[in-house]
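Q: Handing you this structure, nothing more for now.
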Amino acid sequence: MDKTFYIETFGCQMNAHDSEKVIGTLLHQGYAQVDTPEAAHYVFYNTCSIRDKAEQKVFNRLQQFKRDAGKGKVFAVIGCVAQQEGEKIFEKAPHVSLVAGSASYTKLPQMLVQLEAGSRRVTGLSLDTGEAFDTPFTRRDNPHRAYLTIIEGCDKSCAYCVVPFTRGPERSRTSSSVMAEAQGLAGAGYTEIQLLGQNVNSYRDPSPAGWNFATLLDRVGQIPGIRRVRFTTSHPRDFGKEIIDAIDSNPVLCDHVHLPVQSGSTRVLQSMQRLYTRDEYMRRIEWIKNARRKIAITTDIIAGFPGETGKDFEATLALLDEVQYDSLFAFKYSPRPNTAALAMEDQVPEEEKTRRIVTLNERQRAIQIRRNSQLIGEVQQVHVEGRNRALGQWIGRTSQNRTLNFVHDGDADAALAGAYLDVRVTRAGPNSLVGESVANARPVSVM
Ligand code: SAM
Ligand code: SF4
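Residue numbers for the sequence shown follow my numbering, so the first one is 3 and each next one is one higher.
Have a look at this one:
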């Protein structure tokens, strides 16, 4: 029996990490991963449906294999599009044999048995699960930096968002299972951990220990061998000051908070059902700015939400000026199935959404050029991610999550990836920095 598989992943870090768990599970079941769909018997697409464009990608891929190329192959659509579209995928793409959402991945081994037995319509679509997909078989690609899920699903109901429908209700893992995984990662040589969840700060330990997110964050940051801890994503409503206190008192916790605002207009925030006002959001920004260390702040913005007027949009631009974000992701509003915003009046025309996105990105670019230039001359510690051979530079990441590419004398072939090095910033662009490692610096550690 041909047990080769190929997997392509679309979307966010949660999906990237889900794929690591799916790959680990498949390898444990005796399957072998290959690099191309052509070479594989089983072709998996781990999909994203956050915006229409992301959703269309999987159907384009499936279309490519509709005819002869797909003969004899078994196609599996998993993740958010699978959960959202369900059995309709079998109609749109009859050559698909498995449709499963992330809440069903714990049943993957049973679903594989069905596929192997020749079933052509296997589904895993129940959202009625109390479990998180907590598997010991995760296959991580990066040997230094690891994702670790602490909470799955979402109990909010933002008017534009499919996540509550595609990932189901919130399920927090027990603190003991998170700590065991984090300690295992440290033991295996990982030095950086990124805690993941749609809303990490809604984390509530279901065990009697009852830790909140700030406690969990701090404890993970106290594990010997762990040198950096990041987390994403934070919802402003649940973002408590104790998170900043934890960062202040534990230098292992990175100097970066991603705090998606979505809009600078309280009227639009209300219509989005975001559960905070602009002023309440700004209070969180003040906490972050008043921290002892300089903490980078990044955000997500949706342009052209139904009913967003020119004045609302101006309020978002003014917010960028006020906060001075270190980076942002700006998205055109994309109408999504099942969401409240779908039926809202005053949809913003596509050209106007595009104009607003361009304006946002231009405004932010100027802010980033200014902010990054202020770092010239500073020495920052980077975690080395790899080497850009064409440029003869190493690629590093600062605690504030900036890319800092640098030269390091006489080391063209040295294995610096995974090391922590001090680097002086010599140049700045809007999206990255360039520097040189501090004279005579030696890797603090190379794992
Ligand atoms: N849980 C996070 C929060 O509350 O901010 C966001 C998670 S969501 C996967 C990532 C980002 O996608 C959101 O912050 C939002 O900006 C964007 N997004 C979600 N739904 C969208 C839609 N229908 N159209 C455009 N952007 C969307
Ligand atoms: Fe989507 Fe809102 Fe939940 Fe974030 S909090 S995942 S934007 S519903």
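Think of the CB as a built atom: it goes at the ideal place given N, C-alpha and C, for glycine as much as any other residue.
Keep in mind that this is a model prediction, so the values were computed, not measured.
1) Using 10 angstroms around the beta-carbon of G126, count the other beta-carbons present and answer buried if the total reaches 16, otherwise exposed.
2) Exposed or buried, which one is L321 when buried takes at least 16 other CB atoms within 10 Å?
3) Indicate the three-state DSSP secondary structure (helix, strand or coil) for R123 in the structure shown.
4) Run the proximity test for C50: is its beta-carbon closer than 6 angstroms to any non-hydrogen atom belonging to the ligand SF4?
5) Helix, strand or coil for I153? Go by DSSP, reduced to three states.
6) In the DSSP assignment, what residue or residues form a beta bridge with A417?
7) Among S209, I290 and E118, which residue has its Cα nearest to the Cα of S177?
8) Going by beta carbon distance, what residues of the same chain come within less than 6 angstroms of A343, once the five residues before and after it are set aside?
9) For the structure I just gave you, are there three or more beta carbon pairs, one from the segment 234 to 243 and one from the segment 274 to 288, closer than 8 angstroms?
10) Any heavy atom of the ligand SF4 closer than 6 angstroms to the beta-carbon of H237?
11) Please classify F331: is it buried, with 16 or more other beta-carbons within 10 angstroms of its beta-carbon, or exposed?
12) In chain order, what residues of the same chain have a beta carbon less than 8 angstroms from the beta carbon of P226, not counting five sequence neighbours either side?
13) Please tell me whether K5 and G32 are closer than 7 angstroms, where the distance is taken between their beta carbons.
14) Does the beta-carbon of S447 have 16 or more other beta-carbons within 10 angstroms, so that it is buried, or is it exposed?
15) By Cβ distance below 6 angstroms, which residues in the same chain neighbour A78 in space, the five residues on each side in sequence not counted?
16) At the level of alpha carbons, what is the spacing between Q200 and Q15?
17) Rounded to whole angstroms, what's the CA-CA distance from S106 to V381? Just pull it up for me.
18) Given G306, which residues of its chain have a CB within under 7 angstroms of its CB, disregarding the five upstream and five downstream residues?
19) For the ligand SAM, any of its heavy atoms closer than 6 angstroms to the Cβ of D302?
20) Would you mind reading off the limits of the alpha helix (DSSP H) that contains A18?
21) From the DSSP output, which residues share a beta bridge with N390?
22) Can you give me the Cβ contacts of T341 inside the same chain, cut-off strictly under 7 angstroms, excluding the 5 residues immediately before and after it?
23) At what residues does the alpha helix (DSSP H) containing D364 begin and finish?
24) Who are the Cβ neighbours of S21 in its own chain at under 7 angstroms, not counting the five residues just before and after it?
25) Which residue from K73, Q86 and P138 puts its Cα closest to that of D54?
26) Is N62 helix, strand or coil by DSSP?
27) Would the beta-carbon of P337 be found less than 6 angstroms away from any heavy atom of the ligand SF4?
28) Who are the near neighbours of T400 in its chain, counting only those whose CB is closer than 6 angstroms to its CB and skipping five residues on each side?
29) Would you decide whether N442 is buried or exposed? Buried here means 16 or more other CB atoms lie within 10 Å of its CB.
30) Just to confirm my understanding: we take Y327, look at its own chain, exclude 5 residues before and 5 after, and list those with CB closer than 7 angstroms. What are they?
31) Verify the contact flag: T307, CB atom, against every heavy atom of the ligand SAM, threshold strictly below 6 angstroms.
32) How many angstroms separate the CA atom of K109 from the CA atom of L129?
33) Helix, strand or coil for G437 per DSSP?
34) Determine, using beta carbons only, whether A317 and G398 come nearer to each other than 7 angstroms.
35) Checking 7 angstroms against the spacing of the C-beta atoms, do H258 and N403 come in under that value?
36) Do G13 and D50 have their beta-carbon atoms positioned less than 7 angstroms apart in this structure?
A: On the basis of the supplied data:
1) buried
2) buried
3) coil
4) no
5) strand
6) Paired residues: none, contrary to the question.
7) S209
8) A161, Y162 and P308
9) yes
10) yes
11) exposed
12) A188
13) yes
14) In this prediction, S447 scores a pLDDT of 46, lower than 50, which makes its location untrustworthy; no coordinate-derived value is stated.
15) F46 and L100
16) 10 angstroms
17) 46 angstroms
18) K334, Y335, V350, E354, K355 and R358
19) yes
20) Q15 to H30
21) Q395
22) A161, Y162, C163 and V164
23) It should be pointed out that residue 364 corresponds to Glu in this sequence rather than to Asp. Residues E352 to S375.
24) I9, T11 and N48
25) Q86
26) helix
27) no
28) Q382, V384 and L406
29) Note that N442 scores 48 on pLDDT, short of 50, meaning its location in the model is unreliable and no value can be drawn from it.
30) I299, T300, T301, Q366 and I369
31) Strictly speaking, residue 307 in this sequence is Phe, with Thr absent from that position. It does not: the Cβ of F307 is nowhere closer than 6 angstroms to a heavy atom of the ligand SAM.
32) 12 angstroms
33) strand
34) no
35) yes
36) Note that residue 50 corresponds to Cys in the displayed sequence, not to Asp. Contact flag set, yes.
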